[in-house]
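Asks: My questions all concern the structure below.
Numbering (full-length UniProt numbering), first residue to last: 1 to 620.
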């Protein structure tokens, strides 16, 4: 039988510190002009067996007995598996209208060979590629995904939205004297609220850093008011930006040009986020070479707002959300490729949906002889044969409704427990296994298909067939990645599906960038014992430049000066007096009746201002 050496997973296990148990419900405070629709999952559709041909679509009536998680890993008995003898020639059950000669042909034995098949020989070493080979810090790894070009694109589109939102605020604002609460002492000025100013790249990275920090501290679903509370809030957040600024920037985040969105939406439902998502996926492919074992599965981004492709999957913790089909390394859990599922109308009609996604997700490893492990959603004879033509092997569970499976392999009534049967067809190996554990008091028959394993089990003392053992070892690539995303998720409440996807992108980049740093060959690189410390370092590196700029504001309130100084471990020098003018003018912030004159001007608006006013409260 084919065998592959598994790498040590001790470093990876250190990443799994916490498991989130609660379901995340994504609600929000801002709606997009989207359809409120729940599209059907192609896993939940019932596809009848065709009478005149083989059924290659996935039958998604899908009982719990057929999902791959039920494959027994905890043994009830220590007795070895009994390999049963099967007829020399077997035929698939086929359809009623098929002749016997037209049914799929299997053989009970295959000529033995001591040589490893060419399709199982790997010539590609796993690890970093291109610029990722010599990354030295958490921030360097993160910037491989969020390049300056991408950050400027987000800043440009966000500022366009800010300019639109700014129109909602009056150009004049009412200022009340602090010494007099009488409305008669209020004056109108030409200063807009400072939190509606344009964003810069430095401030945008600081905002992302706060997102990551909230995920590490697991306060991502607390209200901004609670996080920035003067008494019980987080000092790091208050020092970086105000509550109104944080909320305003989050609501204004945009990732595409709204003026051309309607035209692009005619070709793709993902128009608001497509450019950014495609960039992250292509970058992920180009920076890492996966190991010999990979996994295809699905992930659900929890979301309950309006979305034209929102889904309901009751088996998932979040239940409602946006479905991502993912392709991950089974050993390092690096996300190699991902596709957002927007409905069947986005796939070619000539291919079954699951088969199409299996080919698309794995396109970066075609021709490499690597293996893909997946569940019964993606497993079919035609899909396995097509992937073989791409020099990619597969291992997966099969649904019992496939017409290529012999009836002999489906029977359980007179079948002993803990027994297995094998059949072969060219490079295909079919396994039928009845485990010793009963499923709901009944015998269960597990059907597996492999193009990697080229001979039936010969060792009569094994506790589990090698195909199932290999499947159990490699099936968790996407599930582990999904768990990592939830452990320190940065996702916040929102009703904008594009922002929900962006939060998912930040989670993906947070995981991939750490894997790249661990795999880097650079000398003197940062070393982190777990993912929590990595994300904290990344958050601080993203926030620090903005704090350093903010620390130099001469009008910064004293409590913020002290707070930022403690974070940066700096002492602010004695501040020089505010710039003075040779001529004096009336204070712009005092009631005219007070007629206060001053030679001091505000550094931002250049207006005259008296020193008795608490100016920072108006400007910060």
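No residue lacks a Cβ here, since even glycine has one placed at the ideal position from N, Cα and C.
Check for me: the alpha helix (DSSP H) holding residue 206 runs from which residue to which?
Replies: Taking the first residue of the chain shown as position 1, residue 206 is located at position 206. That run of the alpha helix (DSSP H) goes 201–217.
Asks: For the alpha helix (DSSP H) that residue 420 lies in, which residues bound it at each end?
Replies: For the purposes of this step, residue 420 is identified with residue 420 of the chain shown, where counting begins at 1. Where residue 420 is concerned, there is no enclosing alpha helix (DSSP H), although the beta strand (DSSP E) it sits in stretches over 419–425.
Asks: Can you tell me whether residue 397 is buried or exposed, with buried defined as 16 or more other CB within 10 angstroms of its CB?
Replies: Counted from its first residue, the chain shown places residue 397 at position 397. By the neighbour-count rule (16 or more Cβ atoms within 10 Å), residue 397 is buried.
Asks: Report the option in 275, 237, 245 whose CA atom is closest to the CA atom of residue 254.
Replies: In the chain shown, the residue the question calls residue 254 occupies position 254. With distances taken between Cα atoms, residue 254 lies closest to 275.
Asks: If we ignore side chains and look at the alpha-carbon of each, how far apart do residue 392 and residue 362 end up?
Replies: Translated into positions along the chain shown, residue 392 becomes position 392. Translated into positions along the chain shown, residue 362 becomes position 362. Taking the straight line joining both Cα atoms gives about 9 Å.
Asks: How is the alpha helix (DSSP H) around residue 308 delimited, first residue to last?
Replies: Looking up residue 308 in the chain shown gives position 308. It is not in any alpha helix (DSSP H) - residue 308 instead sits in the beta strand (DSSP E) that spans 307–312.
Asks: Does the distance from the CB of residue 294 to the CB of residue 475 come in under 8 Å?
Replies: If you number the chain shown from 1, residue 294 lands on position 294. If you number the chain shown from 1, residue 475 lands on position 475. Cβ distance not < 8 Å, so residue 294 and residue 475 don't count as in contact.
Asks: With DSSP as the reference, identify every bridge partner of residue 373, one or two as the case may be.
Replies: Counting from one through the chain shown, the residue named residue 373 turns up at place 373. Residue 373 is bridged to 295, 395.
Asks: What does the alpha-carbon distance come out to for the pair residue 514 and residue 583?
Replies: Residue mapping note: residue 514 aligns to position 514 of the chain shown, counting from 1. Residue mapping note: residue 583 aligns to position 583 of the chain shown, counting from 1. Each residue's alpha carbon lies about 58 Å from the other.
Asks: Please confirm whether residue 280 and residue 447 have their CB atoms less than 8 Å apart.
Replies: Reading the chain shown from its first residue, position 280 is the one you call residue 280. Reading the chain shown from its first residue, position 447 is the one you call residue 447. Contact: no.
Asks: At what residues does the alpha helix (DSSP H) containing residue 485 begin and finish?
Replies: Translated into positions along the chain shown, residue 485 becomes position 485. Per DSSP, residue 485 belongs to the alpha helix (DSSP H) from 477–487.
Asks: Looking at residue 335 and residue 534, is the spacing between their C-beta atoms short of 8 Å?
Replies: For the purposes of this step, residue 534 is taken as the residue at position 534 of the chain shown. For the purposes of this step, residue 335 is taken as the residue at position 335 of the chain shown. Their beta carbons are not under 8 Å apart, which means residue 534 does not touch residue 335 by this criterion.
Asks: Using the three-state DSSP reduction, which class does residue 406 fall into: helix, strand or coil?
Replies: Counting from one through the chain shown, the residue named residue 406 turns up at place 406. Of the three classes helix, strand and coil, the one that applies to residue 406 here is strand, per DSSP.
Asks: Can you tell me whether DSSP reads residue 536 as helix, strand or coil?
Replies: The sequence position of residue 536 within the chain shown is 536, counting from 1. Helix, per DSSP.
Asks: Less than 8 Å between the beta carbons of residue 375 and residue 477, yes or no?
Replies: The residue given as residue 375 occupies position 375 in the chain shown. The residue given as residue 477 occupies position 477 in the chain shown. Taking 8 Å as the Cβ cut-off, residue 375 and residue 477 do not qualify as a contacting pair.
Asks: Excluding the five sequence neighbours on either side, which residues of its own chain have a C-beta within less than 8 Å of the C-beta of residue 217, listed in chain order?
Replies: By one-based count along the chain shown, residue 217 stands at place 217. Cβ neighbours of residue 217 beyond the five flanking positions: 234.
Asks: Just list the residues that DSSP pairs residue 514 with in beta bridges.
Replies: For the purposes of this step, residue 514 is taken as the residue at position 514 of the chain shown. Bridge partners of residue 514: none, in fact.
Asks: Could you check which residue in 541, 106, 39 has the C-alpha nearest to that of residue 421?
Replies: Against the chain shown, residue 421 aligns to sequence position 421. Per the Cα distances, 106.
Asks: Hey, how far is the Cα of residue 257 from the Cα of residue 163?
Replies: Counting from 1 along the chain shown, the entry for residue 257 is found at position 257. Counting from 1 along the chain shown, the entry for residue 163 is found at position 163. Their Cα atoms are separated by approximately 13 Å.
Asks: Could you name the residues that DSSP lists as bridge partners for residue 327?
Replies: Within the chain shown, numbered from 1, the residue matching residue 327 stands at position 327. 296, 337.
Asks: Nearest by alpha-carbon distance to residue 404: which of 252, 221, 383 is it?
Replies: On the chain shown, position 404 is the one that residue 404 refers to. Minimum Cα distance to residue 404 is reached at 383.
Asks: State buried or exposed for residue 531, treating a residue as buried only when at least 16 other CB atoms are found within 10 Å of its CB.
Replies: Residue mapping note: residue 531 aligns to position 531 of the chain shown, counting from 1. Flag for residue 531 reads buried.
Asks: Tell me, which residues are paired with residue 106 by DSSP?
Replies: Residue mapping note: residue 106 aligns to position 106 of the chain shown, counting from 1. Per DSSP, 90.
Asks: Where do the ends of the beta strand (DSSP E) carrying residue 446 lie?
Replies: By one-based count along the chain shown, residue 446 stands at place 446. Residue 446 -> beta strand (DSSP E) spans 446–450.
Asks: May I ask you to report which of helix, strand or coil DSSP gives residue 500?
Replies: Walking along the chain shown from the start, residue 500 turns up at place 500. Helix at residue 500.
Asks: Indicate the three-state DSSP secondary structure (helix, strand or coil) for residue 39 in the structure shown.
Replies: Numbered from its first residue, the chain shown carries residue 39 at position 39. Correct three-state label for residue 39: coil.
Asks: Is residue 156 helix, strand or coil by DSSP?
Replies: Taking the first residue of the chain shown as 1, we reach residue 156 at position 156. Three-state DSSP puts residue 156 in a helix.
Asks: Do you know offhand how far residue 423's Cα is from residue 434's?
Replies: Position 423 of the chain shown, counted from the start, is the residue given in the question as residue 423. Position 434 of the chain shown, counted from the start, is the residue given in the question as residue 434. In a straight line, the C-alpha of residue 423 is about 15 Å away from that of residue 434.
Asks: Let's see if you can read the secondary structure: which residues bound the beta strand (DSSP E) around residue 434?
Replies: As a working note, residue 434 is residue 434 in the chain shown. Per DSSP, residue 434 belongs to the beta strand (DSSP E) from 428–434.
Asks: Locate the alpha helix (DSSP H) running through residue 389, then write down its first and last residues.
Replies: As a working note, residue 389 is residue 389 in the chain shown. That run of the alpha helix (DSSP H) goes 381–389.
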